[in-house]
Amino acid sequence: MPRADLRPLAPPPSECGSRPQYTQSTRIVGGNISKPGQFPWQVSLHFSSEHLCGGSIVTSRWILTAAHCVYGFADPFMWTVHVGLTEQQVHGAQSLPVEQIIYHARYRPKGLDYDIALMKLATALNFNGFVEPICLPNHGEEFEEGTMCWISGWGATESEGETSLALRSAMVPLLSTKTCNQPEVYQGLISSWMICAGYLEGGTDSCQGDSGGPLACEDSSVWKLVGATSWGIGCAMKNKPGVYTRITQSLSWIRQQMEREEALSSPTSDN
Ligand code: ARG
54 MPRADLRPLA PPPSECGSRP QYTQSTRIVG GNISKPGQFP WQVSLHFSSE
104 HLCGGSIVTS RWILTAAHCV YGFADPFMWT VHVGLTEQQV HGAQSLPVEQ
154 IIYHARYRPK GLDYDIALMK LATALNFNGF VEPICLPNHG EEFEEGTMCW
204 ISGWGATESE GETSLALRSA MVPLLSTKTC NQPEVYQGLI SSWMICAGYL
254 EGGTDSCQGD SGGPLACEDS SVWKLVGATS WGIGCAMKNK PGVYTRITQS
304 LSWIRQQMER EEALSSPTSD N
């Protein structure tokens, strides 16, 4: 009997972390305007119709953002999630209502740790190349100092500046906690819940309005969410890189929240 095809099966396409509508050719300080489809997991979170923070799509129902974006504003009816967007003021852009907002129970506005929150969308997103989820990293996955990653958002393009109408992005290297905790940098403020990224010489950074948005790293052509924009002193200043909530540290919290909600809401519904 002639054997059928002996070629190995192609690996299944990744269900997250790809950007099918982006072709390479064709408040972030020191960055560039992004192209449609370049950061399809990036969302803009509007509070009473105004851009307040960024966020990242992790599944068709869940957006990951920073706790400081929603703390004290946790009424889901005040928020809309804008997806597939590069310019802020486009008419007819897809915007979705929020069903629920969960922030880390240990987050305190005066502290810097546990700066993570999830928004559950009232309806599921359709992925179409301009709207795609980003992969979460694996448990215990290490991201080395010097790895080049991307930050993106509609935040200010200079300290104290206005939010940007265009989605901007910049490439920044990850910094080790050791480097970031040096006396002239953040002198021990960086905990295991944080990861720093940026340049000690300054010039390129996230800024106000970028919070909650992604620090994304490409790992053999799959994009992973390594951080969520959290804080910094000023923006793009010398020895004051951006500080991001470390996603590997938050994985069990993220999974717990999503699973608990999924179990509470109709267990028989489709995904
Ligand atoms: N907390 C800011 C926000 O709410 C983000 C600050 C990021 N700062 C920085 N220097 N990287 O938008």
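Numbered per our numbering, the sequence shown spans residues 54 to 324. Built from N, CA and C at the ideal position, the CB exists for glycine as well. Predicted model, so just to flag it, every value in this text is computed and none were measured.
Look up residue i in the DSSP assignment and say whether it is helix, strand or coil.
i	result
His192	coil
Trp306	helix
Arg299	strand
Leu317	helix
Pro129	helix
Thr79	The predicted position of Thr79 is uncertain, since its pLDDT is 47 and thus under 50; no value can be drawn from it.
Ala269	strand
Glu140	strand
Glu312	helix
Val151	strand
Val279	strand
Val123	helix
Val184	coil
Quick check: does the Cβ of residue i come within less than 7 Å of any heavy atom belonging to the ligand ARG?
i	result
Gly108	no
Asp258	yes
Trp94	no
Gly295	yes
Trp132	no
Gly214	no
Thr282	yes
Gln240	no
His121	yes
Cys249	no
Out of the options, state which residue places its alpha-carbon closest to the alpha-carbon of residue i.
i	options	result
Trp276	Gln235, Gly295, Trp203, Gly137	Trp203
Leu242	His192, Lys293, Ser305	Lys293
Glu314	His104, Arg114, Ser67	Arg114
Thr200	Ala219, Met224, Glu211	Met224
Val296	Ala316, Gly107, Leu317, Cys260	Cys260
Phe180	Pro226, Ala316, Leu317, Pro73	Pro73
Are the C-beta of residue i and some C-beta of chain B separated by less than 8 Å?
i	result
Ala219	Absent from the structure is chain B; it holds one protein chain and no more.
Who pairs with residue i in a beta bridge, going by DSSP?
i	result
Ala170	Thr118, Tyr156
Continuous alpha helix (DSSP H) assignments of at least 4 residues falling wholly in the stretch 202-261: 230-233
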